[in-house]
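Comments concern the structure below.
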Amino acid sequence: MNKRHIYNILNIVTVILTVTMFFSCSDNFNQIQKMGVSENEPIGVAENINLKHTDSGRLTANLLSAKMLDYSNRDFPFNEFTGGITLYVFDEENKKSTIVSDYAIIYNNTDLIDLQGNVVITTHDGNVLKTEQLYYDQNREWLFSNHLVEIISSDGSSMKGNIFDSDAKFTNVEVLEANGNVLFNE
C-alpha cells in the first residue's frame, strides 16, 4: 500500500469518528444539573424562616418555620415544612389572625396548602378552629377538611363536626355531621 492510500484511510476513519462523536453528543444540561442530587432529596433546605409578604407596602402575611425542604426539582413540585409553621395573616384593617400546625406542605402547581397535626386557627376576633388536618386553596381562598373539626367562638360556644368547608374570612362556614352551635361575631 502506498502512503497516499494509508493517509486517505486515516482521514476517512478520522472523519467517521468525528461525525460519530458529534451526533452522539446531546444536550444533557438538565442531567448534569441533577448529578449528585437524588430524585428523592430536596434541592434546598432552609432553616429558621421568617418570610414576610407585603402588598402595596402593607404587611399581609408573616410565615415562621423552623425548617423548609424545597422539592421544586420534582415533576410535581412542593415545599415541605417539617418543623411546622406559624402564619400571621393581616386583613385590610391590619387585624391579625394566626394559623399554627406541626407540619405543612405547599404544592406549587396547585397553590394548595396541606396543614397537618394540631392545626389551630385563631381569628382576629377570637374565634378558634382546631383540627388534625386542614387544606387551604389559595386560588379560591377556601378552607376545607374531612377530619374532626372543633370550632369555638369568642363567646365560648362550640361546635364539632366531621366535615368542614369555609371561605377564608369565615363568612360562609359549613360543618357537616355537627353537634353544638357556634355564633360568629360579625
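In the numbering used here, the protein residues as written are 1115 to 1300.
From the three backbone atoms N, C-alpha and C, an ideal C-beta is built for every residue, glycine too.
Check	Outcome
Would you kindly work out how many angstroms separate the C-alpha atoms of G1198 and S1268, rounded to a whole number?	26 Å
Taking V1096 as the reference, which of Y1221, L1178, E1206 and R1188 has the closest Cα?	For residue 1096 there is no data in the structure shown, the boundaries of the chain being 1115 and 1300.
Can you find at least 3 beta carbon pairs, one from the region 1201-1213 and one from the region 1183-1192, that sit closer than 8 Å?	no
Contact check, D1225 vs E1255 under 8 Å by CB: the rounded distance?	Not quite, the Cβ-Cβ distance comes to about 10 Å (not below 8 Å), so this is no contact.
How many angstroms separate the CA atom of A1175 from the CA atom of H1238?	13 Å
Do you know offhand how far A1160's Cα is from N1241's?	32 Å
What is the rounded straight-line gap between the Cα of N1099 and the Cα of T1196?	Since the first and last residues shown for the chain are 1115 and 1300, residue 1099 lies out of range.
Can you tell me which of the three DSSP states N1089 falls into?	Only positions 1115 to 1300 of the chain appear in this structure, which leaves residue 1089 out of reach.
Could you name the residues that DSSP lists as bridge partners for F1195?	A1218
In three-state DSSP terms, what is A1282?	coil
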